[in-house]
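To keep things clear, I will list the structure first and then write my remarks on it.
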Amino acid sequence: MAIIANIMRHIRNEGANDDPAASILTLFPQFLEAFADFLDYESYLSAVQSWDPAFASWQRASDEAQETMLHLQDAILDQTPHLPAEKPIKLIVYAVRMALLDEDGAQRAQFRKLIRNRGHELLVTETCDADRRINELLKRTVILFDQLLDVFSFDELEQAEA
1139 MAIIANIMRH IRNEGANDDP AASILTLFPQ FLEAFADFLD YESYLSAVQS
1189 WDPAFASWQR ASDEAQETML HLQDAILDQT PHLPAEKPIK LIVYAVRMAL
1239 LDEDGAQRAQ FRKLIRNRGH ELLVTETCDA DRRINELLKR TVILFDQLLD
1289 VFSFDELEQA EA
């Protein structure tokens, strides 16, 4: 009987993702948390005036958060959006990736202008509580994205002064 129940469940879910943990909507909050942790630790480290071995734990925590964030970023970008709300999520995750790849800062001003002037266009039409929650996450991501640009710009200023 259990085999028949499993077959029936599979037929009902045919075409659906068998691994609900792999959807963009379930990966995004985890990505956002890792992104926030990474930025927090990077902000702490960028404010350090002189290096002390005591800060090594912050560096390790930053590296771990970045690794988690990049892993989740890859997982999100590998997914195909199936819902309208997943498209802006994937787009902003892609924008974060592009900003991280912009090591010399050549595009940073354009990223900042884009996110500040057009970030609101990422929001989805709110028809239910889930849409409102998605918009809250997207707004938080826009703020974190702006912080990312600030942290990396601050690093460049310090290097230029040195």
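Residue numbers (our numbering): 1139 to 1300.
C-beta: ideal position from N, C-alpha, C; glycine also.
Item: As assigned by DSSP and simplified to three states, the class of S1184; Value: helix
Item: Nearest neighbour of Q1248, chosen from Q1168, F1283, Y1182 and S1195 [CA to CA]; Value: F1283
Item: Nearest-angstrom Cβ-Cβ length linking L1177 and V1280, presumed shorter than 8 Å; Value: Between V1280 and L1177 the Cβ distance is about 13 Å, and since that is not below 8 Å, they are no contact.
Item: Beta-carbon contacts of R1270 that lie in its chain and below 7 Å, excluding the five residues immediately before and after; Value: E1264
Item: Chain-order list of residues whose beta-carbon lies under 7 Å from that of L1287 (same chain, five-residue window excluded); Value: A1237, R1246, F1249 and R1250
Item: Sequence-distant residues of its chain with Cβ nearer than 7 Å to A1159 (five each side left out); Value: Summary for A1159: the model assigns pLDDT 49, below 50, so the residue's position carries little reliability; its value from the coordinates is reported in the next sentence. Cβ within range, chain order: n/a, list empty.
Item: 6 Å CB neighbourhood of A1199 in its chain, flanking five on each side removed; Value: Y1179
Item: Cβ shell of L1276 (< 8 Å), same chain only, five flanking positions each side left out; Value: P1226, I1227, I1230, L1260, L1261 and V1262
Item: Of the residues N1273, F1169 and S1188, the one placed nearest D1212, counting alpha carbons only; Value: F1169
Item: Host alpha helix (DSSP H) of F1249 (start-end); Value: R1246 to R1256
Item: Residue nearest to R1256 in terms of C-alpha spacing, selected from D1267, A1233 and T1218; Value: A1233
Item: Cβ-Cβ distance between D1240 and A1203 below 8 Å; Value: no
Item: Integer-rounded CB distance, given that I1162 should sit under 8 Å from I1214; Value: 5 Å
Item: Rounded distance between the beta-carbons of L1165 and L1221, thought under 8 Å; Value: Not quite, the Cβ-Cβ distance comes to about 13 Å (not below 8 Å), so this is no contact.
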